[in-house]
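Peer 1: Please see the structure below; I have some questions.
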Amino acid sequence: MEFQALPSRIGQVRRIVSAQLRYWRLDALIDATALGLTELLANVHRHAEPEGRSDAEGPAPADKHCTVELSFMWNRLTVSVRDHDPRLPQVRGSASREPLSTSGRGLALVASISESWGMRAQTDGSGKIVWFSLPAPAPDTADRHQGQGKGKGRSRGREGGTARETPPGSTPPAPVPPPAEAEPAAAG
5 MEFQALPSRI GQVRRIVSAQ LRYWRLDALI DATALGLTEL LANVHRHAEP
55 EGRSDAEGPA PADKHCTVEL SFMWNRLTVS VRDHDPRLPQ VRGSASREPL
105 STSGRGLALV ASISESWGMR AQTDGSGKIV WFSLPAPAPD TADRHQGQGK
155 GKGRSRGREG GTARETPPGS TPPAPVPPPA EAEPAAAG
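In our numbering, the protein residues as written are 5 to 192.
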């Protein structure tokens with residue numbers, strides 16, 4: 005999904021991602037995914053230079069395009085955010101920030117909630133990708149999470165005791181078009 009990394013869009017993206025996770029029956033991952041995604045998108049908004057812009061061009065415009073991708077394979081959800089700034093983010097150590105600071109914890113927070121995470125520059129210099137992955141909950145854990153407040157006989161979000169997976173080499177179904185087909189969202 006491609007869009008502008010504006011604060012007003014972050015909530016909308018979280019809702020779309022949450023809907024996709026519910027579709028994949030990964031409700032137990034919604035909170036951690038939303039938190040990690042919010043941090044990555046906030047980093048794009050605060051730090052990434054827009055496509056085709058240099059520091060000599062004055063103040064950065066408010067809109068910055070980025071792409072969010074979700075992948076669920078081998079019982080792992082991977083969330084990635086690609087922007088057009090090739091500079092890799094710097095992870096701040098706890099010693100370099102004020103104890104009561106309200107910012108500067110984004111990547112450390114992503115690292116703490118995820119199973120793994122990383123970043124890589126695009127080989128053509130067109131930007132970077134920052135990603136994190138979360139393990140799918142065990143079937144019985146997910147069943148309890150999804151079954152809370154529901155009556156007996158309702159679906160618990162599992163088929164045959166395992167999470168629905170996308171076969172290796174295939175693309176998972178998505179309610180939004182893939183980034184190559186997506187049209188940028190208009191600011192507003």
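C-beta atoms are modelled at their ideal positions from N, C-alpha and C, and glycine is treated no differently.
(1) If you drop the 5 nearest sequence neighbours on each side, which residues of the same chain put their C-beta closer than 6 Å to that of residue 75?
(2) On the DSSP bridge assignment, give the partners of residue 51 in chain order.
(3) Can you look up residue 17 in the DSSP assignment and give me helix, strand or coil?
(4) Rounded to the nearest angstrom, what separates residue 52 and residue 71 at their Cα positions?
(5) Would residue 15 and residue 114 qualify as a contact pair, given that the criterion is a beta-carbon distance under 9 Å?
(6) Can you give the Cα-Cα distance for residue 166 and residue 31, rounded to whole angstroms?
(7) Would you mind working out which of 45, 111, 86 sits nearest residue 94, comparing C-alpha positions?
(8) Work out the CA separation of residue 44 and residue 135 for me, nearest whole Å.
(9) Under a three-way DSSP split, which group does residue 193 fall into?
Peer 2: The answer reads as follows:
(1) So the qualifying residues of the chain are 82.
(2) BP columns for residue 51 are empty, so no partner.
(3) DSSP places residue 17 within a helical segment (H, G or I) once states are collapsed to three.
(4) For residue 52 and residue 71, the gap between their C-alpha atoms comes out near 13 Å.
(5) One thing to note: residue 15 has its Cβ no nearer than 9 Å to the Cβ of residue 114.
(6) Confidence at residue 166 is low in this model, with a pLDDT of 31, below 50, so the placement of that residue should be treated as unreliable; the coordinate-derived value is given next. Whole-angstrom Cα-Cα distance: 14 Å.
(7) Sorting 45, 111, 86 by C-alpha distance to the C-alpha of residue 94 places 111 at the top.
(8) The straight-line gap from Cα to Cα measures roughly 8 Å.
(9) Lying outside 5 to 192, the shown extent of the chain, residue 193 is not represented and no answer is given.
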